[in-house]
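Take a look at the structure set out below.
Residue numbers (my numbering), protein chains in the order written: chain A, 1 to 151; chain B, 1001 to 1106.
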């Protein structure tokens, strides 16, 4: 792998983890009785930016290197399921995250400072953010499984 | 920012997630669809990525244009839609995992 591709792969991983950390932070903020509206906006915006960077860098790595150099190694190795199940599911479920984050960003902008007073809206948004975070953590762990299967 | 904008965004995300899930499973079962995605967009996954973005913004825009502004600032519809979107994400992710497990073990 060239240094540029290594950097792009690292970008995908680091920004993906930052996005998931941002989602988890949003979840914890929403569990507070009076969530800070400015922090919710800031974290949802940055998480969306991070997931977009991870998406673009991951796409470049996947399209230019993974398919030709990594996929055949995994499929021919001891853990073919790491590609055939884990990677296949991961690469498609990942596509849910930018849109879920976009909705969360619009929701926190829309609700503004009212979120603390509207328990039903806060509860529904917390549920959505919790689902999004759990999907994000599962995708991150899937990446570890796929990396391990190449070695 | 109106409730209408948020509701439209939720419908856009719901449609995008469902489209990604359906064309992924359908593409695996129907080679011509996967081949069409690959030939049109250079790679089937790139095609799904582009389609997911197009569906999100397309549905957001269309729902925003055709839906009426709510008479009150009642959030009940938004609450229901946020939960609906979360369940669509859960069911779609589960469907994809179960589908690829089935394909592996069959």
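The C-beta atom is built at its ideal place from N, Cα and C for all residues, glycine as well.
None of these values were measured; they are calculated from a predicted model.
Closer than 7 Å, CB to CB, is residue 83 (chain A) near chain B or not? no
Residue 1086 (chain B) versus A:126, A:137 and A:40, residue with shortest Cα-Cα distance: A:126
Would you kindly check if the distance between the Cβ of residue 1009 (chain B) and the Cβ of residue 103 (chain A) is under 7 Å? yes
Hey, how far is the Cα of residue 1107 (chain B) from the Cα of residue 1069 (chain B)? What the structure shows of chain B is the stretch from 1001 to 1106, and residue 1107 (chain B) is not part of that stretch, so it cannot be assessed.
Residue burial classification, residue 1032 (chain B) (beta-carbon count within 10 angstroms, cutoff 16): Looking at its Cβ environment, which holds fewer than 16 other Cβ atoms inside 10 Å, residue 1032 (chain B) is exposed.
Using the beta-carbon of each residue, which ones in chain B are nearer than 8 Å to residue 127 (chain A)? 1082, 1083 and 1086
Report the residue from A:90, A:76, A:59 and A:123 whose alpha carbon sits nearest the alpha carbon of residue 10 (chain A). Of the candidates A:90, A:76, A:59 and A:123, the residue whose Cα lies closest to the Cα of residue 10 (chain A) is A:59.
Touching by the beta-carbon criterion (3+ pairs, under 8 Å), the segment 1050-1066 of chain B and the segment 36-50 of chain A: no
Could you tell me which uninterrupted alpha helix (DSSP H) segments, each at least 4 residues in length, are contained entirely in the segment 43-86 of chain A, listed from first to last along the chain? 71-76
Pop quiz: residue 128 (chain A) and residue 100 (chain A) are said to be a contact at Cβ under 8 Å. What is the actual Cβ separation, rounded to whole angstroms? Contact holds; Cβ gap of about 7 Å.
Excluding the 5 residues flanking residue 112 (chain A) on each side, which residues of the same chain have their C-beta closer than 7 Å to its C-beta? 37
Under 7 Å between C-beta atoms, does residue 1043 (chain B) make it to chain A? Chain A contact via Cβ: present.
Mind checking the segment 1024-1035 of chain B against chain A and listing, in chain order, the residues whose C-beta falls within less than 8 Å of any C-beta there? Under the 8 Å Cβ criterion, the segment 1024-1035 of chain B contributes 1024.
Going straight from the alpha carbon of residue 1019 (chain B) to that of residue 1052 (chain B), what length do you get? 7 Å
Leaving aside the five residues before and after residue 12 (chain A) along the sequence, list all residues of the same chain whose C-beta is less than 7 Å from its C-beta, in chain order. 54, 57, 58 and 61
So, using beta-carbon positions, are residue 25 (chain A) and residue 86 (chain A) closer together than 7 Å? no
Locate the alpha helix (DSSP H) running through residue 2 (chain A), then write down its first and last residues. First-last for residue 2 (chain A): undefined, no H or E at that position.
Whole-number beta carbon distance between residue 1005 (chain B) and residue 110 (chain A), since they are thought to touch under 8 Å: Cβ atoms of residue 110 (chain A) and residue 1005 (chain B) come within 8 Å of each other, at about 7 Å.
Output needed for residue 1017 (chain B): all residues of its chain with C-beta closer than 7 Å, excluding positions within five of it in sequence on either side, in chain order. 1088, 1089 and 1092
From what residue to what residue does the alpha helix (DSSP H) around residue 1069 (chain B) run? Residue 1069 (chain B) -> no alpha helix (DSSP H), and no H or E assigned at all.
Here's the rule: buried if 16 or more other CB atoms are within 10 angstroms of the residue's CB, otherwise exposed. What is residue 1094 (chain B)? By the neighbour-count rule (16 or more Cβ atoms within 10 Å), residue 1094 (chain B) is not buried but exposed.
Which residue wins for smallest C-alpha separation from residue 150 (chain A), given the options A:83, A:124, A:33 and A:114? A:83
Can you give the beta carbon distance from residue 1100 (chain B) to residue 89 (chain A), rounded, assuming they're within the 8 Å contact cut? 5 Å
Look at the Cβ atom of residue 95 (chain A), then the Cβ atom of residue 1043 (chain B), and state whether they are nearer than 7 Å. No, the pair does not count as a contact, with Cβ atoms beyond the cut-off.
Can you find a C-beta in chain B that's less than 7 Å from the C-beta of residue 110 (chain A)? yes
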